[in-house]
Each structure stands twice: as structure tokens, then as C-alpha cells.
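Trainee: Below is a structure I'd like to ask you about.
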Amino acid sequence: MPRPVPEHLAVAVAGGSIGGLCAGNALLRAGFDVHVFERSAHRLPSRGAGIVVQPELLDLIAAVDAEPLATTGCSIRRTVVAATGQVETTRMPQRFTSWEAIHASLRSGFPDDRHHSGCELTLEAQSADGVSIGVGGERIDADLLIAADGIRSRFRERLAPDTMTRYAGYVAWRGVVDEAALEPELVDHFDDTFSFCQTTGGGHALCYFIPGSGLATGRGGRRLNWVWYIHVDAGPVLDTLMTDRSGRRRDASVPQGEISDEARDFLFARTGTLSEPFARLVQATPDPFIQSIIDVVPPAMAFGRVGLIGDAAFVVRPHTAAAAAKAAADSMALAQALRGADDDFSRGLAVWERRQMAVGRQLVDYGVMLGERSQRR
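The sequence shown begins at 2 in the numbering used here and counts up by one.
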């Protein structure tokens with residue numbers, strides 16, 4: 002049964018994934034009356050994706066007294082050139098985690114009575130003093146609405162229909178495999194490394210271990226996470242790859258279990274361009290999934306009393322390893338700006354927007370640079 006919602010809030014957050022929980026936690030610990038609304042009535046499924054740990058995320062988790070983030074680690078960065086077999090290794094300690102682990106940690110720090118599942122927010126009206134929000138057939142008022150509803154944000158589409166969205170010309174295939182399901186030789190090969198493979202014909206793949214089932218981080222209980230960037234021009238081939246098993250053309254990604262047979266054949270037919278260990282890893286993956294790589298640059302992050310945060314604002318390329326960190330940084334900066342505005346939400350939002358717009362543009366440009374460098378044919 003849905004939890005009761007107060008008739009007036011200081012801040013309502015639309016979206017209960019990582020971005021929404023970052024915002025909710027940061028604002029609550031800053032002293033604001035904030036509630037988070039997630040439109041799914043069920044527990045959000047694990048996105049099955051690995052994430053490189055960045056300081057901004059750890060800072061937020063520590064600040065809000067959430068459960069520690071489950072992480073794995075390595076000490077070596079290794080790059081292999083598939084065409085020649087050339088290998089380069091560098092000592093470079095790194096920490097890794099997963100979408101599931103981040104969500105679990107952030108959710109542990111946010112009170113149940115302020116988290117509402119099965120509640121889709123709609124913006125009904127706004128004035129200089131606040132917003133009127135529809136939720137579950139009722140209306141509530143809030144001083145501020147923070148949209149954290151992800152890459153295909155409905156609020157961004159409504160408030161900034163002229164947002165620049167650009168397909169980068171390649172896709173990211175992803176997969177995770179339980180460590181216990183892999184051959185011991187393959188586990189040993191990838192253990193303690195952040196591994197990269199420059200594929201023949203251009204593009205690259207990477208892999209690293211992440212927490213496994215139950216957020217296990219010890220040897221034997223982890224998962225091996227991989228990403229493979231492949232050039233695909235806009236057109237019929239891309240349309241085929243982004244069409245799921247039911248025939249629905251997806252915009253951003255096709256999740257685990259929904260990949261069509263044609264898309265799976267496309268992936269496995271290209272494993273010969275990888276080094277032998279990477280090829281075996283991809284072939285051992287039961288449910289690969291795919292996302293199109295895009296750049297999204299909104300004209301603004303603040304629209305009256307509505308703010309866009311995380312992927313609902315800028316979408317940056319995965320090479321930056323910055324999506325979760327950006328959501329955390331946006332959230333901490335928002336809490337700081339609102340606290341410094343002495344209850345003037347409009348002024349606080351404007352101050353925050355000026356800072357974070359610059360950060361967002363820089364991250365998009367950085368992602369473009371990394372993509373062009375790593376995807377050279």
C-alpha cells in the first residue's frame with residue numbers, strides 16, 4: 002500500500018534510481034523536507050552494469066551515513082592489441098562497483114517513510130513560489146521539484162524540447178558473468194586487472210570484476226563485467242540492434258533478456274576481432290545487452306522551480322566513468338546552493354545551475370574526446 006504523502010513538501014524528487022537517491026540523501030542531510038517518488042511499484046531491477054568508483058560518489062555516501070559501498074579492486078591496468086598480441090601493463094590501483102551496490106547503499110541511507118514506490122509524478126503547474134504536482138490521482142504542492150528520471154527524462158522532454166541529442170556513431174555491448182560460471186583459467190587471466198583490448202578494425206573492449214550476488218566481493222563470488230564499443234552507423238543495422246525480442250524499437254538501450262536473435266548473432270559474429278580471452282568472455286555471457294552511445298546537452302538545468310539532475314540533465318559517454326559521480330556531485334552542489342540561499346529556492350537553484358551547467362558541458366566534451374581517441378578505426 003502506498004505510503005501517505007504530505008500535502009506540502011519543500012522538495013519532491015521524481016525518480017528513485019541512483020540520481021534520485023543521491024538528490025534525496027544530500028538534501029535530507031542538508032535539512033530539507035524531501036520525499037523521493039519512484040514510478041515503478043516493484044523493486045528496481047539490477048541494471049547488471051559495472052561502474053568505476055569515483056571520489057564524488059564515495060563522498061556522498063560517507064556524508065549521508067549510508068551503508069558502505071560494496072567494491073572490488075585491482076592493482077594492474079592491462080591493454081592488449083588484438084591484431085598484434087602486444088601487451089602493455091601499468092600499475093594502477095582502481096576500485097569498482099555495480100549499479101546494484103550503489104543503489105543498495107544509497108537506499109539504506111534514505112528513510113522508508115520518505116520513499117514512495119509506484120508513484121509517478123507529473124508537473125501540473127508552477128509559479129514563482131513553487132510547483133503543483135500530480136501523484137496517484139492527487140495533487141501536492143512543493144517548493145521545488147527535482148527531476149531525476151534518467152536518460153529519457155520526461156521532464157526534460159517537456160521543459161527543454163530543443164535539447165541537443167546526438168548519436169555518437171557506435172554502441173556499447175555489455176555483459177556480466179558470474180565468476181563461478183567461468184573457466185578458472187579465464188578468471189586467473191582477468192583477476193586483479195582493469196583489462197582493455199584494442200580490437201582489429203577499430204574500437205575497444207574492457208572488463209573488470211564487480212560485486213556478485215548478495216554484493217559478494219570475495220574471490221569466487223564476484224561477477225566479471227565487460228563493455229565492448231562497436232561502430233554502427235545510424236540506419237537499418239542500428240535499428241535492428243536496438244529492436245527487442247517483441248519488435249519494439251528502443252531508444253537508449255535493450256536490457257538483459259530482451260536482445261533479439263539477430264542482435265545476438267551480430268555480436269557473436271564479431272568476437273574474432275577481440276583477443277582470445279576477451280572473445281571467450283563474451284561468448285560465455287548468457288544475457289548480453291546493448292546501449293546506444295549518445296551525447297545530451299540541455300539548454301538549462303533549472304526551469305522556474307524545477308531542476309534537472311544527473312542523466313535527466315546531461316548524458317555523458319561511459320568512457321568518462323562519471324555518470325554516478327555526476328549525479329552525486331550535482332546533488333551535493335544543489336544541497337549546498339539551497340542552504341546558502343536562505344530559503345530563496347529560486348536563487349539557490351540559479352546559483353547551482355550556473356555551476357553545474359559548466360561541469361556538464363565539460364564532461365560531455367571530455368567524453369567526446371575519449372570516444373574519438375579510443376574508437377579510431
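Glycine included, C-beta positions come from ideal geometry on N, C-alpha and C.
What does residue 33 pair with, by DSSP beta-bridge criteria?
Mentor: Start at 1 with the first residue of the sequence shown, and residue 33 comes out as number 32. Answer is none; residue 33 lacks a bridge partner.
Trainee: Please name the residue, chosen from 153, 173, 170, that lies closest to residue 164 on a Cα-to-Cα basis.
Mentor: By one-based count along the sequence shown, residue 164 stands at place 163. Checked all of 153, 173, 170; the closest Cα to residue 164 is 153.
Trainee: State yes or no: is the C-beta of residue 184 nearer than 7 Å to some heavy atom of the ligand ADP?
Mentor: Although the ligand ADP was asked about, the structure shown includes no ligands whatsoever.
Trainee: By DSSP, does residue 131 sit in helix, in strand, or in coil?
Mentor: Position 130 of the sequence shown, counting from 1, holds the residue named residue 131. Looking at residue 131 - three-state DSSP - the assignment turns out to be strand.
Trainee: Indicate whether the contact test is met: 3 or more Cβ pairs, each with one atom in the stretch 324-333 and one in the stretch 162-181, closer than 8 Å.
Mentor: no
Trainee: What residue ranges within the stretch 143-225 form continuous alpha helix (DSSP H) runs of no fewer than 4 residues, ordered along the chain?
Mentor: 155-160, 185-191
Trainee: Hey, would you say residue 319 sits closer than 8 Å to residue 238, going by beta carbons?
Mentor: Against the sequence shown, residue 319 aligns to sequence position 318. Against the sequence shown, residue 238 aligns to sequence position 237. For residue 319 and residue 238, no; Cβs fall outside 8 Å.
Trainee: Taking its Cβ as the centre, do 16 or more other Cβ atoms sit within 10 Å of residue 175, making it buried, or is it exposed?
Mentor: As a first step, residue 175 must be located in the sequence shown, where it is residue number 174. That one is buried.
Trainee: Report back the beta-carbon spacing between residue 206 and residue 285 to the nearest angstrom; my notes put them in contact at under 8 Å.
Mentor: For this step, residue 206 is matched to residue 205 along the sequence shown. For this step, residue 285 is matched to residue 284 along the sequence shown. Not really, about 14 Å apart at Cβ, beyond 8 Å.
Trainee: If I follow the unbroken alpha helix (DSSP H) through residue 78, where does it start and stop?
Mentor: Here the question's residue 78 lines up with position 77 in the sequence shown. Run containing residue 78: none in the alpha helix (DSSP H); it sits in the beta strand (DSSP E), 73-82.
Trainee: Give every residue of the same chain whose Cβ lies closer than 8 Å to the Cβ of residue 86, excluding the five residues on either side of it in the sequence, and list them in chain order.
Mentor: Indexing the sequence shown from 1 puts residue 86 at position 85. Cβ within range, chain order: 276.
Trainee: Quick one: what does DSSP say residue 284 is sitting in, helix, strand or coil?
Mentor: The residue you call residue 284 lines up with position 283 of the sequence shown. Correct three-state label for residue 284: helix.
Trainee: Note the first and the last residue of the continuous beta strand (DSSP E) segment covering residue 296.
Mentor: Position 295 of the sequence shown, counted from the first residue, corresponds to residue 296. Per DSSP, the unbroken beta strand (DSSP E) holding residue 296 starts and ends at 290-298.
Trainee: Please name the residue, chosen from 222, 349, 321, that lies closest to residue 369 on a Cα-to-Cα basis.
Mentor: Residue mapping note: residue 369 aligns to position 368 of the sequence shown, counting from 1. When each option's Cα is compared against that of residue 369, the closest is 321.
Trainee: Using a threshold of 8 Å, state whether the C-beta atoms of residue 323 and residue 364 are closer than that.
Mentor: Translated into positions along the sequence shown, residue 323 becomes position 322. Translated into positions along the sequence shown, residue 364 becomes position 363. In contact: residue 323 and residue 364 (Cβ atoms closer than 8 Å).
Trainee: Looking only at C-alpha atoms, which of 304, 334, 11, 352 sits nearest to residue 162?
Mentor: For the purposes of this step, residue 162 is identified with residue 161 of the sequence shown, where counting begins at 1. The candidate whose alpha carbon is nearest that of residue 162 is 304.
Trainee: Taking only the alpha-carbon atoms, compute the straight-line gap between residue 38 and residue 232 and give it to the nearest angstrom.
Mentor: Residue mapping note: residue 38 aligns to position 37 of the sequence shown, counting from 1. Residue mapping note: residue 232 aligns to position 231 of the sequence shown, counting from 1. Answer to the nearest angstrom: the Cα atoms are 37 Å apart.
Trainee: Tell whether a beta-carbon distance below 8 Å holds between residue 149 and residue 258.
Mentor: Reading the sequence shown from its first residue, position 148 is the one you call residue 149. Reading the sequence shown from its first residue, position 257 is the one you call residue 258. In this structure, residue 149 lies away from residue 258, with their beta-carbon atoms at least 8 Å apart.
Trainee: With DSSP as the reference, identify every bridge partner of residue 118, one or two as the case may be.
Mentor: Position 117 of the sequence shown, counting from 1, holds the residue named residue 118. 39.
Trainee: In whole angstroms, what separates the C-alpha of residue 43 from that of residue 18?
Mentor: Looking up residue 43 in the sequence shown gives position 42. Looking up residue 18 in the sequence shown gives position 17. Each residue's CA atom was taken as its position, placing residue 43 and residue 18 some 12 Å apart.
Trainee: Is the stretch 76-92 touching the stretch 352-359 in the sense that three or more CB pairs, one from each, lie closer than 8 Å?
Mentor: As far as the Cβ criterion goes, the stretch 352-359 does not touch the stretch 76-92, which means the pair count is below three.
Trainee: Note down the Cα distance separating residue 219 from residue 209, rounded to an integer number of angstroms.
Mentor: Translated into the one-based positions of the sequence shown, residue 219 becomes position 218. Translated into the one-based positions of the sequence shown, residue 209 becomes position 208. The straight-line gap from Cα to Cα measures roughly 14 Å.
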